[in-house]
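K.L.:
Residues in the sequence shown are numbered consecutively from 18, following the working numbering.
All C-beta atoms in this analysis are idealised placements derived from N, C-alpha and C, irrespective of residue type, glycine included.
Sharing a structure, written as structure tokens. Questions coming.
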Amino acid sequence: MGSLIGNESVGTNMDSLLRENRVFAPPAEFAAKAHVKSVAEYEAMYRRSVEDPEAFWAEAAGELEWFAPWTKVQEGEIAEAKWFVGGKLNLCHNSVDRHALGARKDKVALLWEGEPGEVRKITYGELHEQVQRFANVLKGLGVVKGDRVAIYMGMCPELAIALLACARIGAIHSVVFGGFASHAIADRVNDSGCVAVITQDISYRRGGEVKLKSIVDEALKKCPTVKNVVVFQRAASSAVSMTEGRDIWWHEAMALAGAECAAEWMDSEDPLYILYTSGTTGKPKGLVHTTGGYSVGTYLTSKYVFDLREDDVYWCTADIGWVTGHSYVVYGPLQNGATVMMYEGAPNWPEPDRFWKIVDAHKVSVFYTAPTAIRAFTKWGNEWVDKYSLASLRLLGTVGEPINPESWMWYHREIGKERCPIVDTYWQTETGAIMIAPIPGAVAAKPGSATRPFFGIVPEVVTQEGEPVPDGQGGLLVFRKPWPSLARTIYGDPERYKQAYFSEIPGCYFTGDGARRDEDGYFWLMGRVDDVINVSGHRLGTMEIESALVAHVKVAEAAVVGRPDAMKGQAIAAFVTLEGGCEATEELKQELRQWVAKEIGALARPDDLRFTDALPKTRSGKIMRRLLRELAETGEVKGDTTTLEDFGVIAKLRENDE
Ligand code: 6R9
């Protein structure tokens with residue numbers, strides 16, 4: 018991986034983070050009613066959780082229902098850890114049945130607003146029925162425990178129902194974000210050999226239609242393992258083509274399906290889902306989460322970090338296509354019996370006030386979003402916020418990337434009206450659940466810091482050799498002690514799992530992130546130190562984009578780097594050399610940007626694309642990304658170029674700079 022420390026990928030945000038020293042104590046009124054009411058209480062619970070993790074996690078797991086008890090809370094080293102060994106449970110049962118069969122039968126579970134404006138409220142009792150019916154639909158198609166089922170949908174209640182139904186029968190869901198292109202779907206479907214796909218005709222986004230079913234049709238030309246496609250009808254009248262013998266309509270199948278379906282007894286370590294995420298190679302990794310540990314991790318973090326209470330209306334704005342949606346739209350809050358707000362469309366449709374209009378209309382009390390969204394709201398202006406009452410809000414959260422202190426202050430002032438704590442939550446697809454975040458009634462916030470670890474989590478900042486780094490200095494963020502919700506493997510590639518996460522710093526899980534801890538024990542995340550970039554909170558591998566570029570006939574070589582961007586956090590800068598005889602035109606530039614969007618999805622479209630005669634390489638032939646990053650950011654290169662093979666390359670790149 019080369020030198021990990023000193024990668025300057027975070028750029029401009031760091032300056033303001035390093036100067037930040039404001040502290041915001043939990044508001045007294047909030048703390049008085051919170052699950053954890055003081056820092057002393059947090060510290061006592063934290064101490065117990067790390068001194069006697071088995072007792073701590075057993076108690077947490079005991080708040081859920083188990084069909085059969087575990088014989089051992091935990092066994093094995095971090096890279097092969099197992100949790101709640103021998104225990105049997107079902108995450109759909111804990112998310113739905115437990116409430117529907119108890120006091121929450123008539124409580125709203127899903128509160129949904131479509132982009133065109135319609136509202137649906139689904140109680141736990143209704144959700145219970147819908148999920149059982151859909152589980153029977155899947156069973157009727159021959160889907161059995163352990164089968165992989167791909168889900169490619171927009172944000173609608175049926176998406177949550179699809180996940181829950183898979184979990185109910187033990188089918189392993191693999192959700193593909195609705196913004197990915199058909200190639201990306203095909204790759205993911207084929208990697209895990211999915212037997213069925215659940216999709217919908219269209220979804221509404223920014224006033225337009227996203228034609229999900231036809232994108233699936235395109236993908237499935239290359240997917241021999243898929244036997245059936247279930248299509249939820251979102252539009253009043255759909256003009257999609259249905260393939261005879263393969264495709265069925267959701268509503269037709271539901272009408273025929275039985276209303277009862279017992280939840281499968283899943284072993285604690287049985288796979289629950291696969292979710293693909295970008296790594297440092299061109300091929301996305303299919304992280305596998307298992308049942309018991311993931312259930313307990315998402316349940317407990319939701320309870321304490323969002324301080325969930327019975328009367329909350331909880332809204333996490335993430336799409337279910339990302340891990341944040343899995344853990345904090347569906348499984349975490351539903352296990353807690355919360356009312357979960359879901360919104361289908363864009364934050365600025367039809368106008369930039371849509372989110373605040375929703376908060377006001379549905380009396381949202383807990384609101385969880387991404388820094389990139391906050392930066393957009395800041396830009397759109399306070400007049401869109403000021404039109405609404407945000408008095409129902411009591412807690413705010415962020416996730417996905419470091420938040421710059423300026424945006425944190427805006428969120429605190431304009432949305433939280435200086436009375437709502439903000440939880441900046443650090444975690445990853447791999448970790449399954451929140452790792453570092455303030456417990457809101459107890460731990461004071463510092464803008465830009467994810468603050469202190471969650472219960473049972475022991476973050477460390479180390480050198481490349483695994484030696485501790487003194488407080489105040491930057492290093493690599495690792496975790497040495499196992500925790501329940503860590504992904505157990507990469508689907509079909511256990512070796513890559515070991516290699517990617519446990520080989521860099523022996524004995525530790527390596528996050529890929531840089532961090533420092535300050536004198537108060539607060540963690541400050543400093544961005545990725547590997548070839549992963551974070552564009553608007555979306556994780557992308559530079560190699561993935563490079564592979565897409567070189568797949569174009571006219572491209573010989575490509576190098577992609579992230580550069581700081583005031584709105585997106587990072588923007589994508591691509592350097593491309595062309596095959597002999599191909600002309601470097603503005604037209605080709607646009608064609609290549611569009612090509613990447615078609616190959617991967619619009620989120621991967623390069624912001625800048627420059628043609629060059631050659632790429633700067635070391636004498637051993639490695640592309641010098643550090644130089645390219647510097648060039649992409651500042652337009653010039655000052656760094657050490659002593660190992661550069663051809664100095665002239667840099668000069669030429671600079672000339673080409675527009
Ligand atoms: C949940 C999620 C993970 C990467 C992670 C880090 C960045 C996430 C952050 C944060 C600073 C936070 N990240 N939350 N950086 N502060 N609060 O986003 O998962 O898509 O896998 O991304 O996102 O770089 O390594 P995922």
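Could you check whether the stretch 381-390 touches the stretch 326-339, counting it as contact only if at least three pairs of C-beta atoms, one from each stretch, sit closer than 8 Å?
P.N.:
yes
K.L.:
Run through DSSP, which three-state label would V40 get?
P.N.:
Counting from one through the sequence shown, the residue named residue 40 turns up at place 23. The three-state reading of DSSP puts V40 in coil, since its state is none of H, G, I, E or B.
K.L.:
Could you tell me the distance, in whole angstroms, from the CA atom of E477 to the CA atom of W74?
P.N.:
Within the sequence shown, the letter at position 460 stands for residue 477. Within the sequence shown, the letter at position 57 stands for residue 74. If you take the alpha carbons of E477 and W74, they lie about 21 Å apart.
K.L.:
DSSP three-state label for A387, please.
P.N.:
Numbered from 1 along the sequence shown, position 370 holds the residue referred to as residue 387. Collapsing the DSSP output to three states places A387 in coil.
K.L.:
I want to check one thing, is the minimum distance from the CB of Y443 to the heavy atoms of the ligand 6R9 below 7 Å?
P.N.:
Reading the sequence shown from its first residue, position 426 is the one you call residue 443. Yes, Cβ of Y443 sits closer than 7 Å to a heavy atom of the ligand 6R9.
K.L.:
Whole angstroms are fine: how far does the CA of S255 sit from the CA of S409?
P.N.:
Counted from its first residue, the sequence shown places residue 409 at position 392. Counted from its first residue, the sequence shown places residue 255 at position 238. The alpha-carbon atoms of S409 and S255 are separated by roughly 38 Å.
K.L.:
Closest to G225 by C-alpha separation, out of P133, P457 and Q250, would be which residue?
P.N.:
In the sequence shown, the residue the question calls residue 225 occupies position 208. Cα-wise, what sits closest to G225 is P133.
K.L.:
Tell me whether S424 sits in a helix, a strand or coil according to DSSP, three-state version.
P.N.:
Taking the first residue of the sequence shown as position 1, residue 424 is located at position 407. Note: S424 maps to helix in three-state DSSP.
K.L.:
Give the DSSP-derived three-state secondary structure of H190 in the structure shown.
P.N.:
On the sequence shown, residue 190 is found 173 positions in, with the first residue counted as 1. Strand.
K.L.:
Since I640 contacts A576 with CB under 8 Å, what's their CB separation in whole angstroms?
P.N.:
Within the sequence shown, the letter at position 623 stands for residue 640. Within the sequence shown, the letter at position 559 stands for residue 576. Right, the Cβ-Cβ distance comes to about 5 Å (below 8 Å), so this counts as a contact.
K.L.:
Between the alpha carbons of V102 and Y348, how many angstroms are there, rounded?
P.N.:
For the purposes of this step, residue 102 is taken as residue 85 along the sequence shown, with counting starting at 1. For the purposes of this step, residue 348 is taken as residue 331 along the sequence shown, with counting starting at 1. Using only the alpha carbons, I get a separation of about 21 Å.
K.L.:
What three-state label does DSSP hand M696 in the structure shown?
P.N.:
Absent from the model: residue 696. The displayed extent of the chain is 18 to 675, so no value can be given.
K.L.:
Just checking my contact of I202 with V193 at CB under 8 Å: how many whole Å lie between their CB atoms?
P.N.:
Counting from one through the sequence shown, the residue named residue 202 turns up at place 185. Counting from one through the sequence shown, the residue named residue 193 turns up at place 176. Correct: roughly 5 Å between the Cβ atoms.
K.L.:
So what does E574 bridge to, in DSSP terms?
P.N.:
Stepping through the sequence shown from its first residue, residue 574 is reached at position 557. Partner(s): T594.
K.L.:
Could you tell me which residues DSSP pairs with Y727 in its beta bridges?
P.N.:
Because the chain is modelled from 18 through 675, residue 727 falls outside the range shown and cannot be assessed.
K.L.:
By Cβ distance, which residues of its chain are closer than 7 Å to L595, with the 5 residues on each side in sequence left out?
P.N.:
Counting from one through the sequence shown, the residue named residue 595 turns up at place 578. Hits under 7 Å: K571, V572, A573, A601 and F628.
K.L.:
Assign T468 to one of three DSSP states: helix, strand, or coil.
P.N.:
Numbered from its first residue, the sequence shown carries residue 468 at position 451. It is a strand residue.
K.L.:
Counting only runs that start and end within the stretch 173-236, where is the beta strand (DSSP E) found for 3 or more residues in a row?
P.N.:
The DSSP assignment places 189-192, 213-217, 220-222 and 225-227 as complete runs of the beta strand (DSSP E) inside the stretch 173-236, in order along the chain (cut-off: 3 residues).
K.L.:
Does any heavy atom of the ligand 6R9 sit closer than 7 Å to the C-beta of E418?
P.N.:
Residue mapping note: residue 418 aligns to position 401 of the sequence shown, counting from 1. Indeed, a heavy atom of the ligand 6R9 lies less than 7 Å from the Cβ.
K.L.:
For F372, count neighbouring Cβ atoms within 10 angstroms of its own Cβ and tell me buried if that reaches 16, exposed if not.
P.N.:
Here residue 372 refers to the residue found at position 355 of the sequence shown. Flag for F372 reads buried.
K.L.:
Would you mind working out which of D403, L317 and T356 sits nearest I451, comparing C-alpha positions?
P.N.:
As a working note, residue 451 is residue 434 in the sequence shown. The option with the nearest alpha carbon to I451 is L317.
K.L.:
How about L494 and D537: are their beta carbons less than 8 Å apart?
P.N.:
Along the sequence shown, read from residue 1 onward, the residue named residue 494 stands at position 477. Along the sequence shown, read from residue 1 onward, the residue named residue 537 stands at position 520. The answer is no: Cβ separation not under 8 Å.
K.L.:
Return yes when the Cβ of I189 is within less than 8 Å of the Cβ of R205, no when it is not.
P.N.:
On the sequence shown, residue 205 is found 188 positions in, with the first residue counted as 1. On the sequence shown, residue 189 is found 172 positions in, with the first residue counted as 1. Going by C-beta atoms, R205 is not nearer than 8 Å to I189.
K.L.:
Using three-state DSSP, classify T528 as helix, strand or coil.
P.N.:
Your numbering for residue 528 matches position 511 in the sequence shown. DSSP places T528 in strand when its eight states are reduced to three.
K.L.:
Between T528 and the ligand 6R9, is there a pair consisting of the residue's CB and a ligand heavy atom that are separated by less than 7 Å?
P.N.:
As a position in the sequence shown, residue 528 is number 511, starting the count at 1. The answer is yes for T528.
K.L.:
Closer than 7 Å by C-beta to R39: which residues in its own chain qualify, once you throw out the five before and the five after it? Chain order, please.
P.N.:
Indexing the sequence shown from 1 puts residue 39 at position 22. Result list for R39: K463 and P464, in chain order.
K.L.:
Does at least one heavy atom of the ligand 6R9 sit under 7 Å from the Cβ of G544?
P.N.:
Reading the sequence shown from its first residue, position 527 is the one you call residue 544. Correct: G544 has its Cβ closer than 7 Å to the ligand 6R9.
K.L.:
Quick check on T88: buried or exposed, where buried means 16 or more other Cβ atoms within 10 Å of its Cβ?
P.N.:
Counting from 1 along the sequence shown, the entry for residue 88 is found at position 71. Its Cβ having fewer than 16 others within 10 Å, T88 is exposed.
K.L.:
Less than 8 Å between the beta carbons of V104 and Y311, yes or no?
P.N.:
Within the sequence shown, residue 104 is the residue found at index 87, counting from 1. Within the sequence shown, residue 311 is the residue found at index 294, counting from 1. This sequence places Gly at residue 104; Val is not what is there. Not a contact, by the Cβ cut-off of 8 Å.
K.L.:
When you compare only the Cα positions, how much space is there between G665 and E484?
P.N.:
Numbered from 1 along the sequence shown, position 648 holds the residue referred to as residue 665. Numbered from 1 along the sequence shown, position 467 holds the residue referred to as residue 484. Their Cα atoms are separated by approximately 39 Å.
K.L.:
Within this structure, are the beta carbons of P70 and G579 separated by less than 8 Å?
P.N.:
For the purposes of this step, residue 70 is identified with residue 53 of the sequence shown, where counting begins at 1. For the purposes of this step, residue 579 is identified with residue 562 of the sequence shown, where counting begins at 1. No, the Cβ-Cβ distance between P70 and G579 is not below 8 Å.
K.L.:
By a C-beta neighbour count over all protein chains shown, 10 Å radius and 16 as the cutoff for buried, is L670 buried or exposed?
P.N.:
For the purposes of this step, residue 670 is taken as residue 653 along the sequence shown, with counting starting at 1. Flag for L670 reads buried.
K.L.:
Tell me, to the nearest whole angstrom, how far the beta carbon of Y405 is from that of V376; I am working on the premise that it is less than 8 Å.
P.N.:
Translated into positions along the sequence shown, residue 405 becomes position 388. Translated into positions along the sequence shown, residue 376 becomes position 359. Yes, they are in contact, since the Cβ atoms of Y405 and V376 sit about 7 Å apart, within 8 Å.
K.L.:
Can you name, in chain order, every residue of its own chain whose Cβ lies under 6 Å from the Cβ of G362, other than the five neighbours on each side?
P.N.:
In the sequence shown, counting from the first residue as 1, residue 362 sits at position 345. Taken in chain order, the residues that qualify are E132, Y221 and R222.
K.L.:
Thinking just about the alpha-carbon of each residue, which of W397, T389 and T341 is nearest to the one in E368?
P.N.:
As a working mapping, residue 368 is identified with position 351 in the sequence shown. Distances from the CA of E368 to each of W397, T389 and T341 were compared; the closest alpha carbon is that of W397.
K.L.:
Once you ignore the five residues that flank S20 on each side, which residues in its own chain have a CB closer than 6 Å to its CB?
P.N.:
For the purposes of this step, residue 20 is taken as residue 3 along the sequence shown, with counting starting at 1. With a pLDDT of only 48 at S20, under the threshold of 50, the placement of this residue in the model should not be trusted; the figure read from the coordinates follows. Same-chain partners within the cutoff: there are none.
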